[in-house]
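Asks: Quick one: the structure is below, questions incoming.
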Amino acid sequence: MSKKPSNRLNSNGYKIAFLTCFMVAALSRPAAAQSLCTLTSNPRGQPMGNAPPAAVGQVNQILQVLGYRTNIVAVYQGNVGNAAAIPSPPRIVYNPYFMNQLQMSGVATPVSVLAHEVGHFVGPLQRHQNPQVRELDADCISGIAMRRMGASLQQAVHAQVLMPSGGSPTHPPTQQRINAITKGFQTQSCP
Ligand SMILES: [Zn+2]
């Protein structure tokens, strides 16, 4: 993994990109607090299809600051509980209402979710058999990316703070996830 802090974004560029992206889906709906990356059906029937260019651009910027080529991960809005990374072909699917809820707490918060999902494609431990290890690996990667994009540590962990969880068979408890994001943010290294 490249460690050079390339393509650092200024906070305004960041803000504009996300406002553009998520004001398109700016219908406020109550979002259930769910752990990241779960796949659940949504009774409302979320709009399916290509993500807005701003969201695609954010995923590409995340790839770029991590030292990867752009456009190697497709981005869709879709019928998922919150957000998911799906292999073959590599794609991120996010629920636009979930992301809009996060965006209300700060423009960087949805970016951290996208960075976590990118982590599922580029993290060094993504072939580990324990799903909790894979989640913490993706969290660590998101910490690296968020710092390189100019976010604060508080912004990098905020999505986790908003959705406290004692953990599940696939997802570690919130504090472990915050610790993994913090490690990536501070050390710029995973695992
Ligand atoms: Zn995940």
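Sequential numbering from -2 applies to the sequence shown in the numbering used here.
Positions of the beta carbon are idealized from the N, C-alpha and C atoms, including for glycine.
Apply the 10 Å Cβ neighbour rule to Val158 and answer buried if 16 or more other Cβ atoms are within range, or exposed otherwise.
Replies: exposed
Asks: How is Val70 classed by DSSP in three states: helix, strand or coil?
Replies: coil
Asks: Residues in the same chain with beta-carbon distance under 6 angstroms from Gln151, minus the five sequence neighbours each way, listed in chain order, please.
Replies: none
Asks: For Gly181, name the three-state secondary structure that DSSP assigns.
Replies: It is helical.
Asks: Is any non-hydrogen atom of ligand 1 found closer than 7 angstroms to the C-beta of Ala135, if you look at the structure I gave you?
Replies: yes
Asks: Take Met45 as the anchor and find which of Val56, Gln61, Gln74 has the nearest alpha-carbon.
Replies: Gln74
Asks: Rounded to the nearest angstrom, what separates Val62 and Glu114 at their Cα positions?
Replies: 15 angstroms
Asks: Which residue's Cα is closest to the Cα of Ala177: Ala135, His125, Met160?
Replies: Ala135
Asks: From Pro169 to Val70, what does the alpha carbon distance come to, in whole angstroms?
Replies: 25 angstroms
Asks: From what residue to what residue does the alpha helix (DSSP H) around Tyr94 run?
Replies: Where Tyr94 is concerned, the enclosing alpha helix (DSSP H) stretches over 93 to 101.
Asks: Tell me whether Asn155 counts as near ligand 1, meaning its Cβ is closer than 7 angstroms to at least one heavy atom of that ligand.
Replies: Residue identity check: residue 155 is His in the sequence provided, not Asn. False, no ligand heavy atom lies under 7 angstroms from that Cβ.
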